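Residue numbers (our numbering): 19 to 324.
Virtual Cβ for every residue (Gly too), placed ideally from N, Cα, C.
Note that the structure is predicted; figures quoted are calculated from it, not measured.
One structure is given here, and the rest of the page talks about it.
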């Protein structure tokens, strides 16, 4: 049994959290506190933030310095502060798409999905008709090879925001546009994962199968290994039971287990799906997109039952 298309349930905008280390209110009404980092990771990221802040203080109007100051702040889990930095950047550089792209990403993190959509649509407008550009990694992969671009990140996050709202009809054309920007294996598997799930949620399984045609186990994926495993699962090359053993308290685990749970949902086993979703939200990786998606699924199913 496929998962029939349904009208999206509107998720309430999260109220502003109190200023006590709570960065956001989840889509289920739970306060989300700044994540604890391993001491050595925290020290490294604090040092990188100090350098970025020093560069910004020397020239507070330079767009690159504003962006890196905001990005380094967000890597420490200080998402609301990062949003304020990007907002200041927009005041100085209202036509710089990067400011809206990064603020839109962090609006997703703190569950302000409508604000994220506004920013990311503005970023898309500002880049329309322009050549794409490689986006440098703030947290480089093992090979030190950037795998994403400005325009691919804009459409990826815009599609995600619509998806999280349950508006799969609006997510679909965004992910289809993203497919044209998937010029390496990492972008291919990440976009294919969300595009495939979107089509399945819309009750279009034949189209979903077609988007899997470029996927193979031999793809040279550098960092998006979770998405690679999931797309191979959708092709029937990995059993969902094998991926069900992932740890829900890691970013990769939350990503994979959401994909597995969603697979059960659109294959007619909603109770099994909800068990996966609840397992993930009991973990601690609340900034992971898979975690946010689980919140959204539980919130919608609860609303529908009521």
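Grouping DSSP H, G and I as helix and E and B as strand, with all else coil, what is residue i?
i, result
"residue 163", "coil"
"residue 269", "helix"
"residue 239", "coil"
"residue 256", "coil"
"residue 172", "helix"
"residue 126", "helix"
"residue 108", "helix"
"residue 152", "strand"
"residue 114", "coil"
"residue 300", "coil"
"residue 263", "coil"
"residue 286", "coil"
"residue 274", "helix"
"residue 158", "coil"
"residue 213", "helix"
"residue 230", "coil"
"residue 144", "helix"
"residue 250", "helix"
"residue 305", "coil"
"residue 206", "helix"
For residue i and residue j, what's the separation of their Cα atoms in angstroms?
i, j, result
"residue 90", "residue 309", "22 Å"
"residue 262", "residue 319", "22 Å"
"residue 233", "residue 250", "7 Å"
"residue 45", "residue 129", "7 Å"
"residue 48", "residue 300", "11 Å"
"residue 105", "residue 168", "18 Å"
"residue 134", "residue 140", "10 Å"
"residue 189", "residue 209", "11 Å"
"residue 287", "residue 178", "23 Å"
"residue 107", "residue 166", "22 Å"
"residue 284", "residue 219", "6 Å"
"residue 154", "residue 81", "14 Å"
"residue 258", "residue 127", "27 Å"
"residue 302", "residue 245", "20 Å"
"residue 278", "residue 84", "38 Å"
Between residue i and residue j, is the Cβ-Cβ spacing less than 9 Å?
i, j, result
"residue 184", "residue 314", "yes"
"residue 63", "residue 93", "yes"
"residue 152", "residue 203", "no"
"residue 66", "residue 51", "no"
"residue 172", "residue 142", "yes"
"residue 13", "residue 138", "The chain is shown only over 19 to 324; residue 13 falls outside these bounds and no answer can be derived."
"residue 229", "residue 217", "yes"
"residue 199", "residue 150", "yes"
DSSP beta-bridge partners for residue i?
i, result
"residue 40", "51"
Secondary structure, beta strand (DSSP E): runs of 3+ residues fully inside the segment 47 to 100: 49 to 51
Sequence ranges, alpha helix (DSSP H) only - wholly within the segment 177 to 204, length at least 4: 186 to 197
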